[in-house]
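Engineer: Top to bottom, those sequences are chains A and B.
Residue numbers 1496 to 1891, in the working numbering, belong to the letters of the first sequence in order.
Residue numbers -10 to 82, in the working numbering, belong to the letters of the second sequence in order.
The C-beta atom is built at its ideal place from N, Cα and C for all residues, glycine as well.
First the structure, which I've put down as structure tokens, then a few questions once you've had a look.
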Amino acid sequence: MKLFTAETEVKTQKKVVLDDMILTKDLPTCAGSKMLDGYMSLFDAQVVTKLSEAQIGICGKANVGEFAIDLLGETSYYGACTNDGKLVSASAEIVKTGKADAAIVLDVNGAPRRAAAQSDLVYIKPTYGTVSRYGTIPAACSGETVGVISTTANQCKEILGIIAGHDDKDGTSHADTVCQKIKTSSEKITKIALISAFNVDSDTAAKIDNFKTVIEKSGVSCHTVEGEKLLCARVAWNILMSAELCNNVSRYDGIKYGHRASEYTTIGELYTNSRTEAFGDLLKTAILYGSDTLSTENYMKVYDKALRIRRVVAEYFDELFKEYDAVLLPGCSKSFYTEKDIETNKYISFEENACTAPASITGLPAVVAGGVQIVGKAFSDAGLLDLAEIYEKGGK
Amino acid sequence: MEKETLIKLEKLNQLRLDDTQKISVIDFFAKRDSEMEIINSIDTKNTERMVHVMPILTVVRDDVEKKLFTRDQLQKGAPETMDGYWQVPRLVE
Chain A
1496 MKLFTAETEV KTQKKVVLDD MILTKDLPTC AGSKMLDGYM SLFDAQVVTK
1546 LSEAQIGICG KANVGEFAID LLGETSYYGA CTNDGKLVSA SAEIVKTGKA
1596 DAAIVLDVNG APRRAAAQSD LVYIKPTYGT VSRYGTIPAA CSGETVGVIS
1646 TTANQCKEIL GIIAGHDDKD GTSHADTVCQ KIKTSSEKIT KIALISAFNV
1696 DSDTAAKIDN FKTVIEKSGV SCHTVEGEKL LCARVAWNIL MSAELCNNVS
1746 RYDGIKYGHR ASEYTTIGEL YTNSRTEAFG DLLKTAILYG SDTLSTENYM
1796 KVYDKALRIR RVVAEYFDEL FKEYDAVLLP GCSKSFYTEK DIETNKYISF
1846 EENACTAPAS ITGLPAVVAG GVQIVGKAFS DAGLLDLAEI YEKGGK
Chain B
-10 MEKETLIKLE KLNQLRLDDT QKISVIDFFA KRDSEMEIIN SIDTKNTERM
40 VHVMPILTVV RDDVEKKLFT RDQLQKGAPE TMDGYWQVPR LVE
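Encoded structure:
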């Protein structure tokens, strides 16, 4: 089990681990792929610069699934991480075992949310555009965000406070005045919609019940809403994620950097052999699917449809937010996954992302605490973390 | 999905699948096709496409030339180089 793909000595009081989708100039960044095995970036990601300026040490890079699109890192070129027969995410395991105070991760397909929900950690996927993605390896740019996993809501808040802010180098970064909004709570969460449309196992259902019971002690009311419209987010997100991924990984051809096949005679063979040797099965499938959705034949009926469904989901959230302050969803459908789950269905991450897709496709903030996921209005990040803190304190 | 379409996609994306992978990818496509019913059941005729999740203005930076990296730095991660150039197989026979 390889938790770290690179590790360093840290002398600072506080230390964080970065998942291997975040570029660092002093440590290799491999995106869990043979294609980038040993790749050294020429520059640091903006979040790395911000952490260094705040005297936060970086203790290493955490193993991640190939281009972060899988369930919990099981497609990594460096192997899956397991604990007691259960699949675990390297970033979450590093934080849980106290090797780092927090993990900075790139949330592409919800893996950090599943990891935090199953490891009983706290996680924040901030509002899209409030944390710079400059220097993160692009996978599905229209929905991916840099997030923070830690043991407490307060710790997440502290790290988020450091890394959030405008960045000129990121074309999707909000103005600084807008980014600052996520650091302070403007309104308290008092009324929550509990979505019942997702099928979950009994342990996950118990976590949802427990969370509800605890926060209700503080005066927050929870109301069950079917929320069936949120189920279509997964289908649309799979289309958009694959299409964007297909474009983003087209740069890896074995010429300027990355893996180059040893056997080829023509330039075409160099490209094909390098990509065929270096990419794993899940990534290859996603590339082919993404490419197909963008074809002349499918563009309107598949890709364009997914973009319209994105608005349908966003408008549904708007409707919910007229009546409720936040929406409670499961973080994932099961309390743990095993390697057998992957053997049975190697495309499981395209199905088990049902609970995470609604926030991914809309860019809304999501906090995981107590094994559940709470999605809030744009820029309500601090309020969501306050709620997580209330849960930590047993509803007080 | 037709096998021919898959071959076309492999070529387009510079990938090569073996027979087992081909079967598995065809299964994946079939599953995704069947899921299209879920989103096709929602009428989106009057719904606009949502490309960006937040209203984001295009960032316009000053048109200033900056030399960020040297050729040596850029070629540090290159698989093969020769005399300061990236080395590739002969393109013209």
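#1: Taking only the alpha-carbon atoms, compute the straight-line gap between Asp1565 of chain A and Phe1831 of chain A and give it to the nearest angstrom.
#2: Among B:Ile27, B:Pro68 and B:Asp72, which one has its Cα closest to the Cα of Ala1756 of chain A?
#3: In terms of DSSP beta bridges, what is Asn1694 of chain A paired with?
#4: Opposite Leu1689 of chain A in the DSSP bridges: which residues?
#5: Assign Ile12 of chain B to buried or exposed, taking buried as 16 or more other Cβ atoms, counted over all protein chains shown, within 10 Å of its Cβ.
#6: I think Asp1876 of chain A touches Ile1657 of chain A, with their Cβ atoms under 8 Å apart; what is that distance to the nearest whole Å?
#7: Using a Cβ cut-off of 7 Å, pull out every chain C residue sitting near Ile27 of chain B, in sequence order please.
#8: Going along chain B in order, which residues have a C-beta closer than 9 Å to the C-beta of Met1535 of chain A?
#9: Take Thr1767 of chain A as the anchor and find which of A:Ser1745, A:Thr1679, A:Thr1788 and A:Leu1879 has the nearest alpha-carbon.
#10: So, at 7 Å on beta carbons, what are the nonlocal neighbours of Thr1833 of chain A in its own chain, with the 5 sequence-adjacent residues on each side left out?
#11: If you drop the 5 nearest sequence neighbours on each side, which residues of the same chain put their C-beta closer than 7 Å to that of Ala1575 of chain A?
#12: Could you tell me the distance, in whole angstroms, from the CA atom of Glu37 of chain B to the CA atom of Leu63 of chain B?
#13: Bridge partners for Phe1499 of chain A per DSSP, in chain order?
#14: How about Glu1561 of chain A and Gly1775 of chain A: are their beta carbons less than 8 Å apart?
#15: Determine whether the beta carbon atoms of Phe1874 of chain A and Ile1677 of chain A lie at a separation below 8 Å.
#16: How many angstroms separate the CA atom of Pro1607 of chain A from the CA atom of Thr59 of chain B?
#17: Answer yes or no: do Ala1611 of chain A and Ile1644 of chain A have a C-beta to C-beta separation smaller than 8 Å?
#18: Answer with buried or exposed for Gln1508 of chain A, where buried requires no fewer than 16 other C-beta atoms within 10 angstroms of its C-beta.
#19: Under the three-state reduction of DSSP, which class applies to Gln1650 of chain A: helix, strand or coil?
#20: Expressed to the nearest angstrom, what Euclidean distance is found between the alpha-carbon atoms of Ser1571 of chain A and Leu1513 of chain A?
#21: Note the first and the last residue of the continuous beta strand (DSSP E) segment covering Gly1642 of chain A.
#22: With 7 Å as the C-beta to C-beta threshold (strictly closer), list the residues of the stretch 1561 to 1575 of chain A near chain B in chain order.
#23: Under a three-way DSSP split, which group does Gly1775 of chain A fall into?
#24: Where do the ends of the beta strand (DSSP E) carrying Cys1576 of chain A lie?
#25: Given a cut-off of 8 Å, decide if Val1867 of chain A and Leu1823 of chain A are closer than it, judged by their beta-carbon atoms.
#26: Please classify Leu80 of chain B as buried or exposed, where buried requires at least 16 neighbouring CB atoms within 10 angstroms.
#27: Start and end of the alpha helix (DSSP H) containing Ala1877 of chain A?
#28: Taking the alpha carbon of Cys1443 of chain A as the point to measure from, which residue in A:Glu1846, A:Glu1838, A:Trp1732 and A:Asp1799 has its own alpha carbon closest?
#29: What does the alpha-carbon distance come out to for the pair Ala1692 of chain A and Pro1523 of chain A?
#30: Taking the beta strand (DSSP E) that Lys1581 of chain A belongs to, which residues open and close that run?
#31: Alpha carbon to alpha carbon, how far is Glu1884 of chain A from Ala1648 of chain A?
#32: What's the gap between the Cα of Ala1821 of chain A and the Cα of Leu1879 of chain A?
#33: Thr1500 of chain A versus chain B: which residues are under 7 Å apart at the beta carbon?
#34: Measuring straight from C-alpha to C-alpha, what distance separates Cys1636 of chain A and Tyr1759 of chain A?
#35: Measure from the C-beta of Val1807 of chain A to each C-beta in chain B and report whether the shortest distance is under 8 Å.
#36: Could you tell me which of A:Gly1865, A:Leu1859 and A:Asp1881 sits nearest to Gly1871 of chain A, measuring between CA atoms?
Structural biologist: Considering the structure as presented:
#1: Position 70 of the first sequence, counting from 1, holds the residue named residue 1565 of chain A. Position 336 of the first sequence, counting from 1, holds the residue named residue 1831 of chain A. In a straight line, the C-alpha of Asp1565 of chain A is about 15 Å away from that of Phe1831 of chain A.
#2: By one-based count along the first sequence, residue 1756 of chain A stands at place 261. Out of B:Ile27, B:Pro68 and B:Asp72, B:Pro68 has the C-alpha closest to the C-alpha of Ala1756 of chain A.
#3: Along the first sequence, read from residue 1 onward, the residue named residue 1694 of chain A stands at position 199. For Asn1694 of chain A, which the question treats as bridged, DSSP gives no partner whatsoever.
#4: Position 194 of the first sequence, counted from the start, is the residue given in the question as residue 1689 of chain A. DSSP lists A:Thr1719 and A:Leu1823 as partners of Leu1689 of chain A.
#5: Here residue 12 of chain B refers to the residue found at position 23 of the second sequence. It counts as exposed.
#6: Position 381 of the first sequence holds residue 1876 of chain A. Position 162 of the first sequence holds residue 1657 of chain A. Their Cβ separation, rounded to whole angstroms, is 14 Å, which puts Asp1876 of chain A and Ile1657 of chain A out of contact at 8 Å.
#7: Here the protein chains are A and B, and chain C is not one of them.
#8: Against the first sequence, residue 1535 of chain A aligns to sequence position 40. What Met1535 of chain A touches in chain B: Lys65 and Gly66.
#9: Position 272 of the first sequence holds residue 1767 of chain A. Ranking the options by Cα distance to Thr1767 of chain A, first place goes to A:Ser1745.
#10: On the first sequence, residue 1833 of chain A is found 338 positions in, with the first residue counted as 1. Cβ neighbours of Thr1833 of chain A beyond the five flanking positions: Gly1580, Lys1581 and Leu1582.
#11: Indexing the first sequence from 1 puts residue 1575 of chain A at position 80. Only Gly1568, Glu1569, Leu1582 and Glu1834 meet the Cβ criterion.
#12: If you number the second sequence from 1, residue 37 of chain B lands on position 48. If you number the second sequence from 1, residue 63 of chain B lands on position 74. Near 42 Å, if we compare the C-alpha coordinates of Leu63 of chain B and Glu37 of chain B.
#13: Indexing the first sequence from 1 puts residue 1499 of chain A at position 4. For Phe1499 of chain A, which the question treats as bridged, DSSP gives the partners A:Ala1557.
#14: Indexing the first sequence from 1 puts residue 1561 of chain A at position 66. Indexing the first sequence from 1 puts residue 1775 of chain A at position 280. Yes, the pair counts as a contact, with Cβ atoms nearer than the cut-off.
#15: Position 379 of the first sequence holds residue 1874 of chain A. Position 182 of the first sequence holds residue 1677 of chain A. In this structure, Ile1677 of chain A lies closer than 8 Å to Phe1874 of chain A by Cβ.
#16: Residue numbering aside, residue 1607 of chain A sits at position 112 when the first sequence is read from its first letter. Residue numbering aside, residue 59 of chain B sits at position 70 when the second sequence is read from its first letter. Between Pro1607 of chain A and Thr59 of chain B, the C-alpha separation is close to 36 Å.
#17: Numbered from its first residue, the first sequence carries residue 1611 of chain A at position 116. Numbered from its first residue, the first sequence carries residue 1644 of chain A at position 149. Cβ atoms of Ala1611 of chain A and Ile1644 of chain A: closer than 8 Å.
#18: For this step, residue 1508 of chain A is matched to residue 13 along the first sequence. It counts as exposed.
#19: Numbered from 1 along the first sequence, position 155 holds the residue referred to as residue 1650 of chain A. Gln1650 of chain A: helix per DSSP, three-state reduction.
#20: Residue numbering aside, residue 1571 of chain A sits at position 76 when the first sequence is read from its first letter. Residue numbering aside, residue 1513 of chain A sits at position 18 when the first sequence is read from its first letter. If I take the Cα positions, the gap works out to 15 Å.
#21: Mapped onto the first sequence, residue 1642 of chain A falls at position 147. Unbroken beta strand (DSSP E) run through Gly1642 of chain A: Thr1640 to Ser1645.
#22: none
#23: Translated into the one-based positions of the first sequence, residue 1775 of chain A becomes position 280. Residue state, collapsed to three classes: coil.
#24: Here residue 1576 of chain A refers to the residue found at position 81 when the first sequence is read from its first residue. Residues Cys1576 to Asn1578.
#25: Position 328 of the first sequence holds residue 1823 of chain A. Position 372 of the first sequence holds residue 1867 of chain A. For Leu1823 of chain A and Val1867 of chain A, yes; Cβs fall inside 8 Å.
#26: For the purposes of this step, residue 80 of chain B is taken as the residue at position 91 of the second sequence. Exposed, since its Cβ has fewer than 16 Cβ neighbours within 10 Å.
#27: As a first step, residue 1877 of chain A is located in the first sequence; it is residue number 382 there, counting from the start. Looking at the DSSP string, the run of the alpha helix (DSSP H) that includes Ala1877 of chain A is Asp1876 to Glu1887.
#28: Outside the displayed span of chain A (1496 to 1891) sits residue 1443 of chain A, for which this structure offers no information.
#29: Taking the first sequence and counting its residues from 1, the one referred to as residue 1692 of chain A is at position 197. Taking the first sequence and counting its residues from 1, the one referred to as residue 1523 of chain A is at position 28. Roughly 42 Å separates the two Cα atoms.
#30: Reading the first sequence from its first residue, position 86 is the one you call residue 1581 of chain A. First-last of the beta strand (DSSP E) with Lys1581 of chain A: Lys1581 to Val1583.
#31: On the first sequence, position 389 is the one that residue 1884 of chain A refers to. On the first sequence, position 153 is the one that residue 1648 of chain A refers to. Roughly 6 Å separates the two Cα atoms.
#32: On the first sequence, position 326 is the one that residue 1821 of chain A refers to. On the first sequence, position 384 is the one that residue 1879 of chain A refers to. Ala1821 of chain A and Leu1879 of chain A: Cα-Cα distance of roughly 8 Å.
#33: Along the first sequence, one-based indexing puts residue 1500 of chain A at 5. Here the premise fails: no neighbours, minimum Cβ distance about 16 Å.
#34: Translated into the one-based positions of the first sequence, residue 1636 of chain A becomes position 141. Translated into the one-based positions of the first sequence, residue 1759 of chain A becomes position 264. Rounded to whole angstroms, Cys1636 of chain A to Tyr1759 of chain A spans 33 Å at the Cα level.
#35: The count along the first sequence starts at 1 and reaches residue 1807 of chain A at position 312. Chain B contact via Cβ: present.
#36: Start at 1 with the first residue of the first sequence, and residue 1871 of chain A comes out as number 376. Comparing Cα positions, the closest option is A:Leu1859.
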